[in-house]
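Q: Going by my numbering, the sequence shown opens with residue 1217, and the numbers climb by one from there.
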Amino acid sequence: MKVLKFGGTSVGSAASIRNVKNIISEVSGNKLLVLSAMSGVTNELVSLSEMLRNRKLEELPDRIEILRLKHYDLIDELIAEASYNLSIKKNIALQIDDLMAICKKEWSKEVDAKIITTGERLLTSIFSAYLNFESVENTLLDARDFMHISNLENPDTGLVGELFNESLKKAKESSIVITQGFVRLDAERKLSTLKRGGSDYTATILGAAIRATQIQIWTDINGLHNNDPRFVENTHPVSQLSFEEAAELAYFGAKILHPQTISPVIGKNIPVYLKNTFTPGATGTCISAIAEKKGLKAISAKDEITAIKIKSNRMLMAHGFLKKIFEVFDTYETSIDMITTSEIAISLTIDDTSNLDLILAELDHYGEISVDTNHSIICVVGEGLIEDRGSSRIFEILQDVPVRMISYGGSNNNISLLVDTRNKIEVLQKLNEKLFVHQLNSVNS
Ligand code: ADP
Ligand code: ASP
Ligand code: MG
């Protein structure tokens, strides 16, 4: 079975959905389709949930009504036959009524999850109905029956696989199976999510769970680019990446992939293809076990990073000191991304600040603490990067912009810089010049 994931823009309009139908008809064999909500819908649901949380209830009914009409319009464009059109609208109306009912409850994490995952349920219902209308047999499965993910960082894909197969056995047989991205049940079997952008992660968790032959992630760009196309001009797609390279780029901010996307397939040898729904013929990116080419591949940036410095002239080099520091972060289940040490101080970064106050209170015993918020990690990635002399140009950036931390040599594939987020775009653009444009010019001259 192949897993095909289509993101928000790929299912954002009737024309795009027709396009998706053509793409899947060209893919041979059994297919599991993981679908997102229509683009913009999850953002709207997140803001409805915020309104409920803040008890700003006046606008809620009208805003939910707009969502109903948006999905009705989609049905009208896709399904011309009157009685079928009406029956699908009835199904959507029930889901919208559910949403309205949830929005009358007290806000809780579970209520939040119910609200913000509604977009995936609405869209998959319409998509499945549209395929039926076009005489394309398919089976719609409810992701809540098998996406039981207690540990967000380390999903039990064995369990997900068993539950998925049980669901499949109960359903009618079909070569096209459809399910919702983003959704999960947590350790208490309560509805939750895989965090924003999580449908990519759904695809690779399911791919690993069912031992798919390949995973295709369809989006609105020709694969993973060598730099963030939102901030840098003249970026280009990278045709091949190893799992490790792609995992670093996703984790350190390449928005095309949810940060955890690659982890379920590492060591499983299931290739992941990134493809453009709007130009399906374009090569895109193939992520697999091999790094075809050594050297620099791409740059990404991860925002909302907090740097913590612990300065202690007595204890730092005493053995056991670092262990104690790490234990504090471990206690609060907060992972550390970058770390540098000197004789008297240690600096490290975190992105999850939900327990920052508690962490700082404990660290206070060990020395003088300072905290810098609003930083970005700029991550330069490529197999064997640090053996490549050309990569020394990365450090020319020190002439232009203050750099708070540098991580070099942790792995052969990655050099990371920590900068103030206000300087992020300048750093991305300058590194692009130094590492890619400069390199191309010297090859061409
Ligand atoms: P989807 O809705 O299909 O999940 P996303 O919006 O999450 O799509 O991801 C695709 C977008 O990611 C692209 O349109 C692009 O603007 C952005 N992006 C950021 N960094 C990169 C990168 N390095 N390569 C490709 N796209 C990137
Ligand atoms: N719809 C969800 C989001 O916008 C999940 C996804 O699209 O990946 O975050
Ligand atoms: Mg996405």
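Ideal Cβ positions, reconstructed from N, Cα and C, are used throughout, including at glycine.
Where Val-1643 and Ser-1458 are concerned, what is the direct C-alpha to C-alpha distance, given to the nearest angstrom?
A: Distance between the alpha carbons of Val-1643 and Ser-1458 is about 25 Å.
Q: Would you say Val-1393 and Met-1363 are within 8 Å of each other, going by their C-beta atoms?
A: Result no, Cβ atoms of Val-1393 and Met-1363 do not sit closer than 8 Å.
Q: At the level of alpha carbons, what is the spacing between Glu-1584 and Ile-1575?
A: Their backbone Cα atoms lie some 13 Å apart in a straight line.
Q: What number of angstroms, rounded off, separates the C-alpha of Val-1659 from the C-alpha of Leu-1647?
A: Because the pLDDT at Val-1659 is just 45, under 50, the model does not fix this residue reliably, and the point stays unresolved.
Q: Pull up the distance between the alpha-carbon of Thr-1334 and that of Val-1596, whole angstroms please.
A: Approximately 37 Å, taken between the alpha carbons.
Q: Only counting runs of 3 or more residues, tell me where the beta strand (DSSP E) segments fall wholly within the segment 1315-1347, in order along the chain.
A: Within the segment 1315-1347, no complete beta strand (DSSP E) run reaches 3 residues.
Q: Please state if the CB of Met-1621 and the CB of Leu-1601 are separated by a distance shorter than 8 Å.
A: Their beta carbons are not under 8 Å apart, which means Leu-1601 does not touch Met-1621 by this criterion.
Q: From which residue to which residue does the alpha helix (DSSP H) around Met-1267 run?
A: First-last of the alpha helix (DSSP H) with Met-1267: 1257-1269.
Q: So what's Pro-1453 in DSSP terms, helix, strand or just coil?
A: The answer is strand: DSSP assigns Pro-1453 an E or B state.
Q: With H, G and I counted as helix, E and B as strand and the rest as coil, what does DSSP make of Arg-1427?
A: Coil, per DSSP.
Q: Secondary structure at Leu-1310, three-state DSSP: helix, strand or coil?
A: Reduced to three states, the DSSP call for Leu-1310 is helix.
Q: Quick check on the burial criterion: 16 or more other C-beta atoms within 10 angstroms. Buried or exposed for His-1287?
A: Burial call: buried.
Q: Could you tell me if Gly-1439 is buried or exposed, where buried requires 16 or more neighbouring beta carbons within 10 angstroms of its beta carbon?
A: So Gly-1439 counts as buried.
Q: Which residues bound the beta strand (DSSP E) around Thr-1373?
A: It is not in any beta strand (DSSP E) - Thr-1373 instead sits in the alpha helix (DSSP H) that spans 1373-1386.
Q: Would the segment 1517-1529 and the segment 1254-1265 be scored as touching if the rule is three or more Cβ pairs under 8 Å?
A: Judged by Cβ distances under 8 Å, the segment 1517-1529 makes no contact with the segment 1254-1265, as fewer than three pairs qualify.
Q: What's the C-alpha gap between Thr-1435 and Asn-1443?
A: Each residue's Cα considered, the two are about 17 Å apart.
Q: Any idea what DSSP makes of Asn-1301, helix, strand or coil?
A: Here Asn-1301 sits in helix by DSSP.
Q: Does DSSP put Thr-1420 in a helix, a strand or coil?
A: Helix, per DSSP.
Q: Taking 7 Å as the limit between beta carbons, can you name the residues of its chain near Ser-1661, skipping five residues before and five after?
A: Bear in mind that a pLDDT of 42 at Ser-1661, under 50, signals an unreliable position, so the number given afterwards is only what the model happens to contain. For Ser-1661, where only same-chain residues beyond five positions count, there are no Cβ hits under 7 Å.
Q: Verify the CB distance criterion: does Thr-1547 have a CB-CB separation below 8 Å to chain B?
A: Looking at the structure shown, chain B is missing, and only one protein chain is on hand.
Q: Taking 7 Å as the cut-off, is the C-beta of Ser-1341 nearer than that to any heavy atom in ligand 2?
A: The answer is no for Ser-1341.
Q: So, are the CB atoms of Ala-1534 and Leu-1407 less than 8 Å apart?
A: No.
Q: Relative to ligand 2, is the shortest distance from any of its heavy atoms to the C-beta of Ile-1258 smaller than 7 Å?
A: Correcting the residue identity first, residue 1258 is Thr in this sequence and not Ile. Correct: Thr-1258 has its Cβ closer than 7 Å to ligand 2.
Q: Quick one: residues in its chain with C-beta nearer than 6 Å to the C-beta of Pro-1371, no 5 flanking neighbours on either side, listed in chain order?
A: Closer than 6 Å at Cβ, skipping near neighbours: Ile-1365 and Ile-1421.
Q: Quickly, what does DSSP pair Lys-1484 with across the bridge? List them, please.
A: None; Lys-1484 has no bridge partner.
Q: To the nearest angstrom, how far is it from the Cα of Gly-1598 to the Cα of Lys-1650?
A: Roughly 15 Å separates the two Cα atoms.
Q: DSSP on Asn-1660, reduced to helix/strand/coil?
A: In this prediction, Asn-1660 has a pLDDT of 43, which is less than 50 and means its spatial position is unreliable; nothing more can be read from the coordinates.
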